[in-house]
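Just so you know, the protein sequences line up as chains A, B and C, in that order.
Residues 390 to 760 (my numbering) are what the first sequence spells out, left to right.
Residues 16 to 301 (my numbering) are what the second sequence spells out, left to right.
Residues 3 to 311 (my numbering) are what the third sequence spells out, left to right.
Idealized CB from N, CA, C, for every residue including glycine.
Remember, it's a predicted structure, so these values are computed and weren't measured experimentally.
See below for the structure under consideration.
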Amino acid sequence: MSKGAMADLKISGLHKRYGSVHAVRGIDLEIPAGEFTVLVGPSGCGKSTLLRTIAGLEEADAGTIEIGGRVVNYVRPRDRDIAMVFQNYALYPYMNVYENIAFGLRARKTPAAEIDQRVRRAADMLAISGLLERLPRQLSGGQRQRVAIGRAIVRNARLFLFDEPLSNLDAQLRDEMRSEIKRLHQEIGTTMIYVTHDQIEAMTLADRIVLLRDGQIEQQGSPLTLFERPATRFVAGFLGSPKMNFVPVRLVESAGGVSLELEGNQGLALPAGSRTRYAACLGREMILGIRPEHMARARDGGPSNGHVRLETTVELIQPTGSRTYITFPLGGTSVMAEVDPHEVQKPGEPIAIDLDLNRAVLIDPLTSRVI
Amino acid sequence: MTIDRPLLRRPAVALSLRYAAAIALTLFFVFPVYWLFIISFKTPEEIFAFPPAWYPKSLQFANYAVLFRDGDAVTVWNSLVLAGASTVIAMVLGTMAAYSLVRFKTGGENLAVWIISQRMMPPIAIVFPIFLAYVWLGKFGGFAWVDSYHGLIVLYTAFSLPYVIWMMRGYIEDIPLELEESALVDGCTRWQVLWRVVFPMARTGLFATSVFTFVFAWNDFLFAFVLTRTEVITYTVQVTHYFGGQSNFWAKIAAMSVLGTVPVFFTVATLQRFLVRGISMGAVKG
Amino acid sequence: MAGMAQTNTIDGASGFAVAPGRAPDRYFKYWLIAPAILLLLAIGLFPLIYSLIVSFQRVTMLDEDYSFAGLVNYAQLFRDARLWQSLLHTAIITAIALPLELILGLLMAQLFLERLPGRQIFVSLLVLPTVISPIVAGATWRLMFDNRYGPINQILGWFAGKPVAALWTVNPDLVYLGIILCEIWQWTPFMFLILLAALSNVDKSLTDAAEIDGAGYWRTFFKIVLPAIWPVMAIAILIRGLDLVRIFDIIWALTMGGPGTMTETISVYTYVQGFQQFETSYTAAMAFLVIVLLTVIVTWAIRRMGLAK
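Here's what the structure looks like:
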């Protein structure tokens, strides 16, 4: 993020209602130029509404939207200097690929020679030069998406908006296109706002993730920040695949510091220095959050600093090829851990697991916030 | 921070303009109907008032009473019989035929095209040969076809069939094949499948199509005009009996027209949800 | 789903399986469609053949001469100036009324396309003219156009500032205007309904994309919306066009083809020949000519509009 650069997009106090549904409730957002921002969240969180309001396809009920320092609330979409890629591609069915891409330029009365040059350059960039004569219905899903992107980039707009562009593609194509989009952003460097419900897309593409929930921003920041230092239980559980494990615990004093008491009278000692951190919550019920990849099969020798060793039994084994996920009971619930494929044989096996509590988080169940 | 908003983009202004246009249009399209209706309720002095009376002082039913007293009102009954019978027959035969076309592709594309093309026949060109044929039948058949109920019913039915078949084709295509196949597996005969599965599933389509078919026959003038004399007169032909070279029987024209129009208004008003879909389905699926 | 018993034949491309060996079923489809086809043949085909035969004879109501006379009636058709006049009149009415109905219907559909509280009520009212019998519509306007007691002249008088005496059904300068006005009044709502449905079905994301791309109102309309609604619009044009060529009721109610034969369309002239002049054979030939003409026009129109049938 370049400090001092003028924010390319600034949203203040935005509200949008549909009848009785309050889709966007007071959003403040500032996006510097050139950044790739991903709006992510579960369905119904307001991300698409927010995007469409930025585009001007919907009118905000309250608040302001500024693009390049100019308030655009009542400016028509075509005058906001934006480009948009839709989930269903929205290619004009009765024009061929060339005309589809050229449409915006023709509308703005660009000279024909320049149109030709820009269309061909965009087509080259997206490897669709051979398809210029075809009609949309003759193209595959991936090809259509490229044409849609081509139509967007050819206008050199200031702001690019993507509305779940990869949702209609199959998994393999999605991976491919994700890389394409990331590469595109590196090449042309335009400010991009990307909406998705897929947290993997969010993590891999974003310079900044804005996680939305029920019309409000739950947390925003770089992918790693949200991943390693989630602000709330929702954020912690949303990012990361497989999901973070949540175990109900009680924070108690113990010899040498503080530890967590689990159902079944198990005790997990927290790392040194935890006492000061969690002093205010002593004696309370809390929720422990620990990711599968922060657990491992115990190695020879004792557990490292801040780690805790457990003896337990394997309930379920789910191999994926490169990693294997095992489920075992902890604190009254089942949790998932990531292990090497060859470390377990079958369910019912006893196993020793090292939990890295340095990387775990404690959540206050009353506020759902991470301490 | 106050933001300037262009005049036309204010919802209030745009909405008011649209309402103004909508009201102007509605006035244009409804006024003549209004005019017709109020003439039927006016006294002769009000009808021939100059300048015209824009609304009657009170609703006079005298004009209608005259129609009933003179027996002219029976023409509405005639229209009902003719339109009703022909609609029922056309719906039954037409839906059966449509089913045959859709599920069995009977006669292939050619038969379907020929059927549709029958609708394109100009009524005047059809009615004349029919007239000749009916006269001939009357001479050789023993009983009259011209100026008869059955004569017109047969004609209306035949003329409605292409439309019914065309519309019901679309509706039947919408019924999932699995429903019929599972009924067959359950032991139904083909006829039972038709009556127990297809007809109920296609209710909305049957409804909409029969309303249109009925209205067409009910409103017909040319066929009834050519093929009737004195025995079977429909309300449409009756209205033209009140035209005069020099002067018209205004009150009677209006009253008879209203008598013939109110049933249709009523039907359409109550069923208009289905009907919009009916028109557009026929057009879109055609 | 339970396994289909004995399904090793498929009847037709619809995939509807037919169990072999159940012979009565094989004719089921014919039984279904037979009554309809028979009726259509009886009414559509046989009278046609009969009248074709009559057209080659010299029959009138008074003098029934059934001898074969060859093409004499058809030759007469081509020499009949009044016939060609009537075709011209028909063409004029169609060429003026059809585009007007289309454009007005389109404008109205656009007006009511977006949300409007009370839209249902407006639409129900606007549809009224279409459900009236055309003869009643003609009768209504006949009363409206009355020189002395009709509201039209009264309203015109307000604008003109002095009483207006316009003889709409008799004055040669006004008759076409009157007929076309009544026709448009009755049938624009039909166009309106169909176009409203078609416009509502246009994919909104296409117009969104066009809006963002920078297309103005007209460009979006001609390049995006129009191609999308064209199939429906073409059918509506075909139906209305056909009805206009066959127009009879409205003309009969307003002018009966007058003054003289000024507004005589082909349908009116055919009627006059058959039921006022009683020229049976000649009328049969004319009816046949009309059918041929219409078939040609319809085939041409269908092909031209790209409705592959």
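In this structure, DSSP gives A/Ser611 a state outside helix and strand, which the three-state scheme calls coil. Boundaries of the alpha helix (DSSP H) around C/Asn75: Val74 to Arg81. Closest in C-alpha terms to C/Ala77, from the list C/Leu291, C/Ile304 and C/Gly262, comes C/Leu291. Linking B/Arg134 to C/Gly46 through their CA atoms gives a straight-line distance of about 10 Å. For C/Ile181, the CB contacts under 8 Å within the same chain, skipping 5 residues up- and downstream, are Ile95, Ile252, Ile253, Leu256, Thr257 and Thr265 in chain order. With respect to the C-alpha of A/Ile400, the residue from A/Met514, A/Tyr407, A/Leu528 and A/Gln605 having the closest C-alpha is A/Gln605. Of all residues in the stretch 195-220 of chain C, those with a C-beta nearer than 8 Å to a C-beta of chain A are Asp205, Ser207, Leu208, Asp210, Ala211, Ala212, Glu213, Ile214, Asp215, Gly216, Ala217 and Gly218, reading in chain order. At a cut-off of 8 Å between C-beta atoms, B/Pro215 does not count as an interface residue with respect to chain C. Under the 8 Å criterion on CB atoms, C/Pro233 is classed as non-interfacial with respect to chain A. The C-beta of C/Ala83 has fewer than 16 other C-beta atoms within 10 Å across all chains shown, which makes the residue exposed. Note on geometry: alpha-carbon atoms of C/Ala141 and B/Ile190 lie some 43 Å from one another. In the assembly as shown, A/Glu607 is a buried residue. Its beta-carbon has 16 or more other beta-carbons within 10 Å. Residues of the stretch 242-261 of chain C with a C-beta less than 8 Å from any C-beta of chain B: Leu244, Val247, Arg248, Phe250, Asp251, Trp254 and Ala255, listed in chain order. From the beta-carbon of C/Arg60, no residue of chain B is found nearer than 9 Å; the closest lies around 14 Å away.
For A/Met684, the enclosing beta strand (DSSP E) covers residues Met684 to Arg686. For B/Leu147, the closest of C/Gly259, C/Leu246 and C/Leu54 by C-alpha to C-alpha distance is C/Leu54. Under the DSSP assignment, A/Gly678 falls in the beta strand (DSSP E) whose first and last residues are Glu674 to Ile679.
The three-state secondary structure of B/Leu74, taken from DSSP, is coil. The beta carbon of C/Leu89 lies closer than 6 Å to those of Ile268 in the same chain, with the five residues before and after it left out. Boundaries of the alpha helix (DSSP H) around C/Leu295: Thr282 to Arg306.
In this structure, A/Ile456 and A/Arg547 form a Cβ contact; the two beta carbons are roughly 7 Å apart against a cut-off of 8 Å. With contacts defined by Cβ atoms closer than 8 Å, A/Pro708 and A/Pro631 do not form a contacting pair. Distances from the alpha-carbon of A/Ala479 to those of C/Gln279, C/Ser126, C/Val227 and C/Leu208 put C/Leu208 closest.
For B/Met182, no Cβ of chain C is located within less than 8 Å of the residue's own Cβ. Chain C has no Cβ within less than 8 Å of the Cβ of A/Asn557.
A contact between stretches requires three or more CB pairs, one per stretch, nearer than 8 Å, and the stretch 202-222 of chain C meets this requirement with the stretch 492-506 of chain A. At least 8 Å separates the CB of B/Trp160 from every CB of chain C.
At a cut-off of 8 Å between beta carbons, C/Pro229 contacts chain A. The Cβ atoms of C/Ala71 and C/Gln87 do not sit closer than 8 Å to each other. By the C-beta criterion, the stretch 103-120 of chain C is judged to be in contact with the stretch 187-194 of chain C, since at least 3 inter-stretch pairs fall below 8 Å. A direct Cα-Cα distance of roughly 22 Å separates C/Gln275 from B/Trp160. With distances taken between CA atoms, C/Ala93 lies nearest to C/Leu244 out of C/Lys206, C/Leu244, C/Trp160 and C/Phe277. Under the three-state reduction of DSSP, A/Ser401 is assigned to strand. Residues of chain B whose Cβ lies closer than 7 Å to the Cβ of C/Phe124 are, in chain order, Ala37 and Thr41.
Here DSSP, grouped into helix, strand and coil, assigns C/Leu41 to helix. At a cut-off of 8 Å between C-beta atoms, C/Ile226 counts as an interface residue with respect to chain A.
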